[in-house]
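K.L.:
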Amino acid sequence: MRAESAARGLACTLAAVVLLVAVPGAAPPLRAAGADPPATPTGPDRSGPATGPRGPQNPADAVAAPVRITARSVGMAARIVPVGLDADGTLEEPPLERTGVAGWYRLGAAPGEPGPAVIVGHRDSRTGPSAFLRVDELEPGDRVRIGRADGSSALFRVRRSEQVDKERFPSAAVYGPVDHAALRLITCAGRFDPGTGRYERNLIVYGSLVRG
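All the letters of the sequence shown, read from the start, carry residue numbers -32 to -1, 1 to 180 under mature numbering (1 follows the signal peptide of the UniProt record, and there is no 0).
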């Protein structure tokens, strides 16, 4: 691990999630650690309502919560924990100190339900590599499996990936409605800026359901 990795872990996911919630009305705002919550819903890191896209309202249509993500092609295996809203209406983060954990935005679609299921993770932490270290190695056609709490699983095929500047995050492509069960994996990418404490870009992996 490079020497600067220890300082990068938190900045990685903060950048990713701030951009994730930049869709008007799609999800809650996220404030950086130590900052005051925004007073008004304006600017690139604000997003209006403090509730996000939700899964099916009919309980019969719901699937069990995701608990594990694996991608054998890149040796990735991590637990999944649900992330929602803090008391102040900001989006929770996957815990930085738990390097084998990614976060599923539980107010959106669950993996296997119609719509985009969003999972975010750190690439590194203060102590070493983290859950999404090798997400950038996923290629079209690779499989990503999501294990569920009831023992079932959903298998997704990677369709494409892209790196984007955080000022040009493709909100509609990530959170917009789709006619199938989709998966979005998001982490940090690009050059780390020590002045801002953030990576300059985000990596987004797009997947679609194969079975489950």
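No residue lacks a Cβ here, since even glycine has one placed at the ideal position from N, Cα and C.
What you are looking at is a predicted structure, and each value in this text was computed from that prediction instead of being measured.
1) Which ranges would you report for the beta strand (DSSP E) in the segment 28 to 93 if only whole runs of at least 3 residues count?
2) Within the same chain, show all residues whose beta-carbon is closer than 6 Å to that of serine 41, passing over the 5 residues directly before and after it, in chain order.
3) Run through the DSSP bridge pairs and tell me what tyrosine 143 is partnered with.
4) I think valine 178 touches arginine 125, with their Cβ atoms under 8 Å apart; what is that distance to the nearest whole Å?
5) Please report the straight-line C-alpha distance between arginine 113 and proline 34, rounded to a whole angstrom.
6) Hey, out of Ser93, Thr164 and Trp72, whose CA is closest to leucine 153's CA?
7) DSSP beta-bridge partners for valine 173?
8) For aspartate 110, which of helix, strand or coil comes out of DSSP?
9) Please state whether DSSP places aspartate 104 in a helix, a strand or coil.
10) Are alanine 122 and proline 62 close, meaning C-beta to C-beta below 8 Å?
11) In whole angstroms, what separates the C-alpha of glycine 115 from that of glycine 68?
12) From proline 145 to valine 103, what does the alpha carbon distance come to, in whole angstroms?
13) Candidates Arg166, Asp147 and Asn170: which alpha carbon is nearest serine 176's?
14) How big is the Cα-Cα spacing for proline 162 and glutamate 168?
P.N.:
For this structure:
1) 34 to 39, 44 to 51, 69 to 73 and 83 to 88
2) To locate residue 41, count along the sequence shown from 1; it is residue 73. Hits under 6 Å: Asp110.
3) Working through the sequence shown from its first residue, we reach residue 143 at position 175. Its beta-bridge partners do not exist; DSSP assigns none.
4) Residue numbering aside, residue 178 sits at position 210 when the sequence shown is read from its first letter. Residue numbering aside, residue 125 sits at position 157 when the sequence shown is read from its first letter. So it is a contact: roughly 5 Å between Cβ atoms.
5) Numbered from 1 along the sequence shown, position 145 holds the residue referred to as residue 113. Numbered from 1 along the sequence shown, position 66 holds the residue referred to as residue 34. So the alpha carbons of these two residues sit roughly 10 Å apart.
6) What you label residue 153 is simply residue 185 of the sequence shown in a count that begins at 1. Selected option, being the one with the closest Cα: Trp72.
7) Counted from its first residue, the sequence shown places residue 173 at position 205. For valine 173, which the question treats as bridged, DSSP gives the partners Ser129 and Leu153.
8) For the purposes of this step, residue 110 is taken as the residue at position 142 of the sequence shown. If DSSP states are grouped into helix, strand and coil, aspartate 110 belongs with coil.
9) If you number the sequence shown from 1, residue 104 lands on position 136. In this structure, aspartate 104 counts as helix in the three-state DSSP scheme.
10) Position 154 of the sequence shown, counted from the first residue, corresponds to residue 122. Position 94 of the sequence shown, counted from the first residue, corresponds to residue 62. Judged by beta-carbon spacing, proline 62 lies beyond the 8 Å limit of alanine 122, meaning their Cβ atoms are not closer than that value.
11) Translated into positions along the sequence shown, residue 115 becomes position 147. Translated into positions along the sequence shown, residue 68 becomes position 100. Approximately 15 Å, taken between the alpha carbons.
12) Within the sequence shown, numbered from 1, the residue matching residue 145 stands at position 177. Within the sequence shown, numbered from 1, the residue matching residue 103 stands at position 135. If you take the alpha carbons of proline 145 and valine 103, they lie about 24 Å apart.
13) Residue 176 sits at position 208 when you count from the first residue of the sequence shown. Checking every option, the nearest Cα to that of serine 176 belongs to Asp147.
14) Locating residue 162 in the sequence shown gives position 194, where the first residue counts as 1. Locating residue 168 in the sequence shown gives position 200, where the first residue counts as 1. Taking the CA atoms as reference points, proline 162 sits about 10 Å from glutamate 168.
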